[in-house]
Amino acid sequence: MPASGRYITPGGGRLTIRKAEKNAAHLRFTLDHLGCPVQCTEEKNTAFRRLALAAEGYCVAAGCRHHPAFSDGVLRCFEARTSTVPLAVFVRTVLAVELGDRSLADRLVEEAKARFGPVRQAQEPDAEDQVKAG
Numbered sequence: 432m433p434a435s436g437r438y439i440t441p442g443g444g445r446l447t448i449r450k451a452e453k454n455a456a457h458l459r460f461t462l463d464h465l466g467c468p469v470q471c472t473e474e475k476n477t478a479f480r481r482l483a484l485a486a487e488g489y490c491v492a493a494g495c496r497h498h499p500a501f502s503d504g505v506l507r508c509f510e511a512r513t514s515t516v517p518l519a520v521f522v523r524t525v526l527a528v529e530l531g532d533r534s535l536a537d538r539l540v541e542e543a544k545a546r547f548g549p550v551r552q553a554q555e556p557d558a559e560d561q562v563k564a565g
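Numbering (the numbering used here), first residue to last: 432 to 565.
Structural data, given as structure tokens:
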């Protein structure tokens, strides 16, 4: 897969893209902010959480069911089904949120709602998806 790899982001972090270990039809995105407190605001946490839920909506419609792979803090992880949200759109949305623009994430959530119904409310991340900083 040519998109797999680690990339430096405009916000000064690292974005790693690879196949998900447990869900072969998914890509796993890990955004590492290298301990930058500017990236750990509640506003950004909320926007990233909404993005994870929008991706989950596409997964549910495709017949798979998993909790959104997401963790707050300096290391954020997402999973998105490879055949639903285009890779470039998802990555562009992650980077826009990192830079403070929530509009693309909001648009993905609205598209998911329009296609599949309400996106469920965010819950606490699963223990296996929670990555502790420090």
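All C-beta atoms, glycine included, are put in the ideal place defined by N, C-alpha and C.
{"Check": "Pick from Val505, Gly531, Ala456 and Cys495 that is closest to Ala478, judged by C-alpha positions", "Outcome": "Gly531"}
{"Check": "Contacts around Arg481, its chain only, beta-carbon distance under 6 angstroms, and the 5 residues preceding and following it disregarded", "Outcome": "Ala536 and Val540"}
{"Check": "C-beta atoms of Glu452 and Ala486 nearer than 8 angstroms", "Outcome": "no"}
{"Check": "Simplified DSSP state of Arg567, which is helix, strand or coil", "Outcome": "The shown model of the chain, from 432 to 565, leaves out residue 567, and the question about it has no answer."}
{"Check": "Alpha-carbon spacing of Asp463 relative to Arg445, whole angstroms", "Outcome": "5 angstroms"}
{"Check": "Where Cys490 falls: helix, strand or coil (DSSP)", "Outcome": "helix"}
{"Check": "Alpha-carbon spacing of Lys544 relative to Ala493, whole angstroms", "Outcome": "14 angstroms"}
{"Check": "Outcome for Cys467 when other beta-carbon atoms lying within 10 angstroms are tallied against a minimum of 16", "Outcome": "exposed"}
{"Check": "Where the beta strand (DSSP E) containing Leu518 begins and where it ends", "Outcome": "Looking at the DSSP string, Leu518 is not in any beta strand (DSSP E); the run it does join, the alpha helix (DSSP H), is Leu518 to Glu529."}
{"Check": "First through last residue of the beta strand (DSSP E) which encompasses Gly436", "Outcome": "Gly436 to Ile439"}
{"Check": "DSSP state of Ala511 mapped onto helix, strand, coil", "Outcome": "strand"}
{"Check": "Whole-Å CB distance - Cys508 paired with Thr461, under 8 angstroms assumed", "Outcome": "5 angstroms"}
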